[in-house]
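Report on the following structure.
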Amino acid sequence: MNKHLRMDGVKIFEDDEKAIQQIIADHKLHQKTGRSKAHRIALKTYVDLHQLPVEQRNLAKQVELLTEQVQQLYFILQEKMK
């Protein structure tokens, strides 16, 4: 298991830390803000990016349910139109 650092009360594994450092470098956060604030912004961005696939799956399930409901309503309308 990778070692971790504790920053802002969150366990950060080595691979995650590399990704966070890359976000800081890509957005040049260390130049715009202080080092601590840059790390917090990068950490929030990293966490948000990891939550996107979960949200996408939830939305896909909702779309499936809505599609089924629309199909049922369409069937009911077709029956009533006959």
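Numbering of the sequence shown is given in this note's numbering, commencing with residue 81 and proceeding in unit increments. Glycine included, each C-beta is placed from N, C-alpha and C at the ideal position. Given the structure is predicted, the values throughout are model-derived calculations rather than measurements.
State buried or exposed for Tyr154, treating a residue as buried only when at least 16 other CB atoms are found within 10 Å of its CB.
-> Here residue 154 corresponds to residue number 74 of the sequence shown, with the count starting at 1. Under this definition Tyr154 is an exposed residue.
Near Ala105, what residues of its chain come up, given a Cβ to Cβ distance below 6 Å and the 5 sequence neighbours on each side ignored?
-> Counted from its first residue, the sequence shown places residue 105 at position 25. Scanning its chain for C-beta atoms nearer than 6 Å, with the 5 sequence neighbours on each side dropped, one finds no residue around Ala105.
Which residue or residues does DSSP assign as beta-bridge partners of Ile100?
-> Counting from one through the sequence shown, the residue named residue 100 turns up at place 20. Answer is none; Ile100 lacks a bridge partner.
Give every residue of the same chain whose Cβ lies closer than 6 Å to the Cβ of Leu139, excluding the five residues on either side of it in the sequence, and list them in chain order.
-> Numbered from its first residue, the sequence shown carries residue 139 at position 59. Here the set comprises nothing.
Cut-off 8 Å between Cβ atoms - residues of its own chain near Tyr126, not counting five sequence neighbours on either side = To locate residue 126, count along the sequence shown from 1; it is residue 46. The residues are Asp96, Ala99, Ile100 and Ile103.
Count the other CB atoms within 10 Å of the CB of His130; is the residue buried (16 or more) or exposed (fewer)?
-> Here residue 130 refers to the residue found at position 50 when the sequence shown is read from its first residue. Taking every protein chain shown into account, the CB of His130 has fewer than 16 other CB atoms within 10 angstroms, so this residue is exposed.
Could you tell me if the beta carbon of Ala122 falls within a distance shorter than 7 Å of some heavy atom in the ligand NAP?
-> With respect to the ligand NAP, the structure offers nothing, as it holds no ligand at all.
Leu123 burial status per 10 Å Cβ neighbour count (16 or more: buried) | Residue 123 sits at position 43 when you count from the first residue of the sequence shown. Result: buried.
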